[in-house]
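Following: one structure in structure tokens, then a few remarks.
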Amino acid sequence: MNPFSFAALATGVESLRTNPLRTLLSTLGVIIGVASLVAILSIGDSLEQFSRDQIESTTDLQFIQVTSRTMDRVDGVVVPRDDTVRLTPADAGALDDHLGFVARATLWTVRSAWVQLDDDTTRVPALITATLASSQGLIPDQSTVGRFLSQADMEGDGHVAVLSKSLANRLVTDGSVEELLARQLNVDQQHYRIVGVLSGDPQGRATAYVPLTPYQAATGTGNPVMTVRATRIEDVDSVRATVTTWLDDRFGNARDRFVVATSQQRVEQAARAMQVFKLAMGAITGIALVVGGIGIMNILLASVSERTREIGVRKSAGARPVDIRMQFLAESVTITGLGAAVGVVLGMLASITATAVIRAVTEAPVEASFRVTTIGFAALAAIVVGLVFGTYPARRAARIPPAEAMRYE
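Residue numbers (my numbering): 5 to 413.
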């Protein structure tokens, strides 16, 4: 008889059906454990996503800055370099293509200036950010009233601008920011037609975005900074290495000609905090699952005692120890499988309820998150618990001598 045959499984399931109350009580511990595990891990995923969104929208932890070295220090004297690399839109485009989905790259140059609407005397301080159309991919979760900069703006006269929400609100004290579209913005005696307004303020600053190439030609602005934004905070270190290798291949001796900077320590702290949070939550809820496993073992040990005579009959009829062992393991896995199925559903409902309460109390945009890996891990953990805690009762049942089992009362 194959130890993994359907006969052993069928015998185990039939035994569970004859004792439905005992089966329910055995399953209850697993249900609670799996439900707790799914709920906590799902809430952890939700809070992790919320934290990531906050990091992306309010910090620069995912950014890598590439700046050309313009000076050398020789014998304590700072002198300009003769071989300074001037980064171009073509360089940014090539790096962006090289990085693929793991990161985005663009060029920026930033300066401060007074700005005002052509038909208004009110002046407002703002950051003038000359950049490329690809920069929109580096501004997280920003919709635009109107549009963002386009490639056509880079190739034309470039007299267009996109405003951050903060700058738009300062320019329009009464009325809607939509009224700014198509109006003229005066920046250092240059006139820019407003074509878009962002829904938020990246880094919380009043900013006007203008096309890089025309702005450099009009103002003589120097070498721009290349900015790379990693898709995930955990990827910052690997993206930095990729960028450095790419610079070596394209320009040679990147470490001598460029400064590639990240907020490395803060990145590591943020990634470590997320990992510790999920591991701690998983360990806490894992305790409930272990308690459920102990309950299964106790029930199966009691079942072995009650069914000793049945075991003797089966062995006398030709059942091998491995068949008896598989019968009890089948019962254990069936219990944990049923408990896992019910626990996953209850855990998902608990997660939805908990995140709804969090939103109502804190007004934080936290949504229930269900990852396939989370649900799969919870279900697999339940099956493993069933196998681990069902092994001892199964082995004990398989070792009972047939003659002793037949005499058992």
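Note that beta-carbon positions come from the ideal geometry of N, C-alpha and C, so glycine has one too.
Here the structure is a predicted model, which means the values were calculated and not measured.
Tell me where the beta strand (DSSP E) around I198 begins and ends.
194-202
Taking the alpha carbon of R416 as the point to measure from, which residue in P93, I379, M75, A94 has its own alpha carbon closest?
This structure cannot settle anything about residue 416, because the visible part of the chain is limited to 5 through 413.
I328: buried (16+ other C-beta within 10 angstroms of its C-beta) or exposed?
buried
CB T378 to CB L45, shorter than 7 Å?
yes
Under the three-state DSSP convention, the category E233 falls into
Inspection of the sequence shows that residue 233 is occupied by Arg rather than by Glu. Looking at R233 - three-state DSSP - the assignment turns out to be strand.
Cβ atoms of A130 and A212: under 7 Å apart, would you say?
yes
Assuming P218 is part of the alpha helix (DSSP H), what are its boundary residues?
216-223
Beta-carbon separation of Q53 and S355 under 7 Å?
no
Backbone secondary structure at V42 - three-state DSSP:
helix
Would R233 and L91 qualify as a contact pair, given that the criterion is a beta-carbon distance under 7 Å?
no
Evaluate P24 with the Cβ neighbour count: other Cβ atoms within 10 Å of its Cβ, from every protein chain shown; 16 or more gives buried, anything less gives exposed.
exposed
Over what stretch of residues does the beta strand (DSSP E) that includes D76 continue unbroken?
75-78
By Cβ distance below 6 Å, which residues in the same chain neighbour V181 in space, the five residues on each side in sequence not counted?
A172, V201
Under the rule that 16 or more other beta-carbon atoms within 10 Å means buried, what is Q58, buried or exposed?
exposed
What three-state label does DSSP hand I362 in the structure shown?
helix
As assigned by DSSP and simplified to three states, the class of V83
strand
Taking 7 Å as the cut-off, decide whether the C-beta atoms of T88 and V114 are in contact.
no
Using DSSP with H/G/I as helix, E/B as strand and the rest coil, what is I328?
helix
Within 10 angstroms of its Cβ, does D157 collect 16 or more other Cβ (buried), or is it exposed?
buried
So, for L175: in the same chain, excluding its five sequence neighbours on each side, which residues have a beta-carbon less than 7 Å away from its beta-carbon?
L121, V128, L184
Measure the Cβ-Cβ separation of T135 and L216 and say whether it is below 7 Å.
yes
Would you mind reading off the limits of the alpha helix (DSSP H) that contains P369?
No alpha helix (DSSP H) holds P369; DSSP gives it neither H nor E.
Contacting residues, own chain, Cβ-Cβ under 6 Å from N227 (five flanking each side not counted):
S72, R90
Find the nearest neighbour of V427 within the set V106, R261, A43, M278, judged by alpha-carbon distance.
There is simply no residue 427 to check, as the chain begins at 5 and stops at 413 in what is shown.
Reduced DSSP category for S267 - H, G, I as helix; E, B as strand; rest coil:
coil
Hey, quick one: how far does the alpha helix (DSSP H) through A137 stretch, first residue to last?
From DSSP, A137 is part of no alpha helix (DSSP H); its letter is neither H nor E.
So if DSSP puts A109 in a beta bridge, which residue, or which two residues, is it bridged to?
V232
Can you tell which of I36, G150, D79, D95 has its C-alpha closest to the C-alpha of F255?
D95
Cβ shell of R209 (< 6 Å), same chain only, five flanking positions each side left out:
L131
If you draw a straight line from the alpha carbon of L28 to that of A284, how long is it in whole angstroms?
30 Å
Residue of A368, R399, G224, A107 minimising C-alpha distance to Q140
A107
N- and C-terminal bounds of the alpha helix (DSSP H) containing S242
240-255
Kindly give me the distance between the Cβ atoms of I387 and A344, rounded to whole angstroms, as I take these residues to be in contact under 8 Å.
7 Å
Got a sec? Which residues, its chain only, sit under 6 Å from M278 by beta carbon, not counting five neighbours each side?
E52
Determine, using beta carbons only, whether G296 and V42 come nearer to each other than 7 Å.
no
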